[in-house]
Amino acid sequence: MTSTGKGRSIYDRRLQNFVKLAYMAPGMHHSGAPFAKPVDLPVNKRHYDMVYSHFKYSDKPLMGSVTHWRRAQDSVDMAKIVFGDEFVDQNCVLTSLINVNSPLVFDGTMLGSLKVYAKNNQATVVSPFILSGAMSPVTVTGTVTQILAEAMAGIALTQLIRPGCPVIFGTFAAAVSMATGAPTFGTPEPSMVIYAAGALARRLGVPFRSGGGLCGSKLPDAQAAYEAANTLQTSTGRRELYVAHGGLAWVDWPWATRNSSWTAIRRA
C-alpha cells in the first residue's frame, strides 16, 4: 500500500525487495510467509518464486506454501535441494501456517498441506482463525475453549502422521463489531484470549504462536499505535516463541503493507 492509501499490485521484483528488507530488519527474526503474491507470475507457479526469493535473499527462517498439498511438497523439495535430503528429514528447516476454518473445520487444502509437512518432519503452526462473535462465542471463555479443541485436534493429527514431528500451538484471535459485523483488531478481549491460550500451550508443553502488532485503523495514526501496542504487549508479555505480524504492523488487513511500517522497523 502506498503512502496515499492506494493499493498497488505486487510483482516478483517487489516481492524480492520485501524479502531483502525483512532480512535487513534487526527486529525481525523470521522472514515469514510470502509477503504478497506476485501477480505477474502464473498462479500455479508463483509459489516457486516466492519460496526461492526467501532462500536466495535471506538466511532467516521461512514458511513454505500451504495453498495446495502439491505446493507444500514443492516447498519441501526445494528445501531438500538447498540443505540435502537427509538433513531436511532430520531437521526442521520450514514452518507452515495451517489455519483452522473455525468453527471446528479443517478444510482439504489445510489438511493436505499439514500432512505433507508433518510427513517430512517440518513444523506446522496449527492456528484456529477466530473472529469472536462470528466464528466462536462472544465470551473469552467460550472462545478459548474452542481454540483449545481445534488446536489439539490438529496437533494430534501431526503426531499420528509422524510421532515427534515439530508442531506449534497457534491462534489468531480477533472479534467482530456487534454493531456493524466488521472485523476489529487490537481490542481488549482478544488480548485476554491470547493470555489464556498461551497458558494452555505452556501447560501442554508446546510452543505458542499468536499475532503481534494488529490494528483496525486505516492509517498509521494514534488508533493504530494504541491497538498495535495493545496486542504486541500481550504477545511479548506472555513470552511467546513465535509472534506473527509482530514487527511489520498490520494496518486494517495483512496485505495492506505500508512504507511507514518498514521505516519504523528499520529505525528500531
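Residue numbers for the sequence shown follow the numbering used here, so the first one is -19 and each next one is one higher. The beta carbon of each residue, even a glycine, is placed where N, CA and C say it ideally should be. These numbers were taken from a predicted model, which means no experiment stands behind them.
Are there 16 or more other CB atoms within 10 angstroms of the CB of residue i, so buried, or fewer, so exposed?
{"i": "Glu66", "result": "exposed"}
{"i": "Leu97", "result": "Rather than Leu, the amino acid found at residue 97 in this sequence is Tyr. Per the 10 Å Cβ criterion, buried."}
{"i": "Tyr206", "result": "exposed"}
{"i": "Val106", "result": "buried"}
{"i": "Gln221", "result": "In the sequence as displayed, the identity of residue 221 is Leu instead of Gln. With fewer than 16 Cβ atoms within 10 Å of its Cβ, Leu221 is classed as exposed."}
{"i": "Asn71", "result": "exposed"}
{"i": "Ala129", "result": "exposed"}
{"i": "Pro146", "result": "buried"}
{"i": "Gly193", "result": "buried"}
{"i": "Gly254", "result": "Residue coverage of the chain in this structure runs from -19 to 248, which leaves residue 254 outside it and unanswerable."}
{"i": "Gln102", "result": "buried"}
{"i": "Val85", "result": "exposed"}
{"i": "Met8", "result": "buried"}
{"i": "Pro143", "result": "exposed"}
{"i": "Gln53", "result": "buried"}
{"i": "Gln59", "result": "Rather than Gln, the amino acid found at residue 59 in this sequence is Ala. By the neighbour-count rule (16 or more Cβ atoms within 10 Å), Ala59 is buried."}
{"i": "Phe(-2)", "result": "buried"}
{"i": "Ala136", "result": "exposed"}
{"i": "Pro255", "result": "No information on residue 255 is available, as it lies outside the stretch -19 to 248 that the chain covers here."}
{"i": "Pro18", "result": "buried"}
{"i": "Ala159", "result": "exposed"}
Would a C-beta distance cut-off of 9 Å place residue i and residue j closer than the cut-off?
{"i": "Gln126", "j": "Ser82", "result": "yes"}
{"i": "Leu253", "j": "Asp29", "result": "Lying outside -19 to 248, the shown extent of the chain, residue 253 is not represented and no answer is given."}
{"i": "Met132", "j": "Leu184", "result": "yes"}
{"i": "Ala290", "j": "Pro170", "result": "Only positions -19 to 248 of the chain appear in this structure, which leaves residue 290 out of reach."}
{"i": "Phe165", "j": "Ile110", "result": "no"}
{"i": "Pro168", "j": "Asn100", "result": "no"}
{"i": "Ile174", "j": "Thr104", "result": "no"}
{"i": "Cys195", "j": "Ala179", "result": "no"}
{"i": "Pro108", "j": "Gly161", "result": "no"}
Assuming residue i and residue j are in contact, meaning their beta carbons sit under 8 Å apart, how far apart are those beta carbons, in whole angstroms?
{"i": "Val124", "j": "Ala177", "result": "6 Å"}
{"i": "Leu42", "j": "Gly12", "result": "7 Å"}
{"i": "Lys36", "j": "Tyr3", "result": "At roughly 10 Å, the Cβ-Cβ gap does not stay under 8 Å, so Lys36 and Tyr3 are not in contact."}
{"i": "Gly44", "j": "Ser55", "result": "3 Å"}
{"i": "Val80", "j": "Gly113", "result": "Contact doesn't hold; Cβ gap of about 17 Å is too wide."}
{"i": "Ala204", "j": "Ser215", "result": "Not a contact, Cβ separation roughly 16 Å."}
Review point. At which residue ranges does the stretch 19 to 85 contain complete beta strand (DSSP E) runs of 3 or more residues, listed in the order of the chain?
Key: 75 to 80
Practice item. Mind the definition here: the stretch 113 to 130 touches the stretch 186 to 193 only if three or more C-beta pairs lie below 8 Å; say whether that holds. Key: no
Review point. Do three or more CB pairs link the stretch 84 to 98 to the stretch 17 to 36 at distances below 8 Å?
Key: no
Exercise for review: Note down, one range per segment and in chain order, each beta strand (DSSP E) of at least 3 residues found wholly within the stretch 98 to 148.
Suggested key: 103 to 112
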